Amino acid sequence: MKLRKGSDWASYAKVTEALKKRKKGATVADVAAATALPLNTVKELVPRAADEYSARLEVSSSGEILYSFPQGFTSRYRGFRPGLQKFTRKFIKGLGALASWFFKVWIMLMLVGYFVFFMLLALAALVLSMAANSSSSNNRSRGSGLGGLYLTSSILNFIIRIWFYSELTKSMDRRYYGGIRPDQGRPKGRPLYRAIFSFVFGETDPNREAGTAEKKAVIAYIQANRGVISLPEYMAITGQPPAEAEAGIMACCSEFGGSPESAEDGTILYRFDELLKRQDRADRSFAGASAPLRRLRKFSANEKKMNTWFGIINSVNLLFGGYFLYQSAATGPVRMVAAAGGRMVMEAGAPYSYLYKVAWVLLTAVTDNPLPFLTVGLGIVPLAFSVLFWLIPALRLRREKKENEDIKLGNLRKTGFQKIWSVIRGIQSRDIDSAVPECRPKKLIAAQDRIIKEMGSYSMPEVEVDSEGATRYHFNELEREKNALARYRAAINPGDSELGKIVFDSD
């Protein structure tokens, strides 16, 4: 029930106040007596209050449901603490999005920009080195020139391979990798910056809509089963353990006009009459008490070769950054002094390489002291970036492995709860299994035992060791609940949920 301003909120405030004053719990009749509100209104509002304030549900011997709040009467959605938590989550999310955007821009500038700059600098150093050697001696020039020419051509070939023949400039469309027919144009590939971000940050969460899909599965199951669902069935659809499932099903009652009811033997079930008032009578449930499995997260959508090229480029930046940082520390301040023949040469505190000399000379065109630029701009910054470029994916890979294990456990929990609910008696932990990779955690045996224990925390089973030494579980209380649920559903008249004949048409 969605509350509107005015009378609905006033009625809700009366209901919550009545529940708050009754420390030992209250029934719907207690709340109606305390508030003088219509019984139908109280029945609609009490489940909402039970969800917001985390109520405990108990069933009396007469079959009435008692709502109590042993954890205190603290709202999950309103007040200073929930408001602060909501604000903090939004603030952190916004700050993270902003930081991610800046970091993505920085990645493009660093990875591509520094790589191109370092390659051009290396080419310039080789060309100037060849020119300097050829002017000093013809013999030496011949040998050095050939070596310099080979290095120059190697660097050019390396750049050409990366930017024209590597996976970086190929389309990521699988049709391209498999070839294109003459009548097809080249498919548009993923932009380079997206491929880089995929390597560093990964892809969008494939399960971002999983909660909605599970909620749709719950609604479809309710509609296919005369508007009634039990907690074990809800657990089988969502894969939630008992405590989490109880909070989830109360939230469903609040959202979709449901209410907890009690069968003749005291079994708690949840009834959603409003969800049965529908025109479309098709059964949209997923083969009984089930829902789509959650998908595993992938490290990257890139081809393996593409990620390899990113690693190569980053390694180049790492080597050059380390080189300039080392040379700056070892060489120290450099000054130009007059030499024989009137030429100006560099004088340093320690030997330096020709590449460092070329970089120094180029930077003197914009500053009198290139040392800080060489140390920080060409040393520390690309070195730190290169480390982060590997560190972020490494940490993400570790986190995603844990997330995938949680996803597998959740999927296996769905399979296990469905198995227990359908078989009831003689269950072995090894029966909770699936050939689907998304349902097989790394520690499968431990996960199977855990699922048995989780269901056992809701309905204690009888344990039996058979003649072969295998442990079998008999969920007798769950069987009683299942039978009571079947009788309750059978007593519901399907005609009560039909829309009936059209008595008015605006046309």
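Residue 717 in the working numbering sits at position 310 of the sequence shown; the count goes up by one each step and never skips.
No residue lacks a Cβ here, since even glycine has one placed at the ideal position from N, Cα and C.
These figures come from a predicted structure and were not determined experimentally.
Identified DSSP bridge partners for residue i
i: Arg-678; result: Val-635 and Ser-666
i: Arg-879; result: Glu-871
Per-residue burial, residue i [other beta carbons within 10 Å of its own, 16 or more giving buried]
i: Arg-455; result: buried
i: Leu-370; result: Examination of residue 370 is not possible in this model, given that the chain is present from 408 through 914 alone.
i: Trp-767; result: buried
i: Tyr-761; result: exposed
i: Ser-864; result: exposed
i: Tyr-733; result: exposed
i: Ile-834; result: buried
i: Asn-900; result: exposed
i: Gly-501; result: exposed
i: Asn-724; result: buried
i: Asp-437; result: buried
i: Glu-459; result: buried
i: Ala-504; result: exposed
i: Leu-533; result: buried
i: Ile-644; result: buried
i: Thr-481; result: exposed
i: Ala-378; result: This structure does not reach residue 378, given that the chain is present from 408 up to 914, and the question cannot be answered.
i: Ile-916; result: No answer is possible for residue 916: the residues shown for the chain start at 408 and end at 914.
i: Gly-520; result: exposed
i: Met-517; result: buried
i: Arg-857; result: buried
i: Phe-498; result: exposed
Cutoff 7 Å; reference residue i; Cβ partners in own chain excluding five residues on either side
i: Ser-418; result: Leu-444, Thr-448 and Leu-452
i: Ala-420; result: none
i: Gly-718; result: none
i: Gly-817; result: Gly-646 and Arg-701
i: Ala-617; result: Arg-701
i: Leu-535; result: Val-765
i: Arg-896; result: Asn-632, Arg-633 and Val-635
i: Pro-868; result: Tyr-880, His-881 and Phe-882
i: Lys-815; result: Glu-845, Cys-846, Arg-847 and Pro-848
i: Glu-871; result: Arg-879 and His-881
Proximal residues to residue i (C-beta, below 6 Å), its chain only, five neighbours per side dropped
i: Thr-423; result: Ala-456
i: Phe-649; result: Residue 649 is actually Pro in this sequence, not Phe. Taken in chain order, the residues that qualify are Ser-864 and Tyr-865.
i: Lys-511; result: Phe-604
i: Arg-581; result: Residue placement at Arg-581 is poorly supported in this model, since its pLDDT is 43, which falls under 50; the coordinates are not used for a value here.
i: Phe-525; result: Phe-727
i: Trp-630; result: Correcting the residue type first, residue 630 is Gln in the shown sequence and not Trp. Correct list, in chain order: Leu-682.
i: Phe-679; result: Ile-629, Gly-634, Phe-663 and Gly-665
i: Leu-770; result: Pro-777 and Phe-780
i: Ser-461; result: Gln-478
i: Leu-785; result: Phe-731
i: Ser-475; result: Gly-432 and Arg-463
Contacts around residue i, its chain only, beta-carbon distance under 8 Å, and the 5 residues preceding and following it disregarded
i: Asp-612; result: Arg-704
i: Thr-782; result: Phe-731, Leu-732, Ser-735 and Ala-736
i: Ala-531; result: Val-765 and Leu-769
Proximity test, Cβ basis, 9 Å: residue i and chain C
i: Val-765; result: Here chain C cannot be found, since the structure has a single protein chain.
Exercise for the section: Could you tell me whether the segment 708-723 touches the segment 602-611, using the rule of 3 or more Cβ pairs below 8 Å? Expected result: yes
Problem - beta strand (DSSP E) runs contained entirely in the segment 416-474, provided each spans 3 or more residues - result: 463-466
Exercise for the section: Answer yes if the segment 793-804 comes into contact with the segment 819-835, meaning at least three C-beta pairs across the two stretches below 8 Å, and no otherwise. Expected result: no
Practice task
Taking 8 Å as the threshold, find out whether the segment 812-824 comes into contact with the segment 692-712 through three or more Cβ pairs.
Solution key: yes
Exercise for the section: Spell out a yes or no on whether the segment 629-640 and the segment 808-819 are touching, meaning 3 or more CB-CB pairs, one atom from each, closer than 8 Å. Expected result: no
Handout entry: Complete alpha helix (DSSP H) runs within the segment 824-872 (minimum length 4 residues, chain order)
Key = 851-865
Practice task
Evaluate contact between the segment 684-693 and the segment 848-862, counting only Cβ atoms and requiring at least three cross-stretch pairs below 8 Å.
Solution key: no
Exercise for the section: Decide yes or no for the touch test of the segment 878-893 against the segment 667-679: beta carbon pairs closer than 8 Å, at least 3 of them. Expected result: yes
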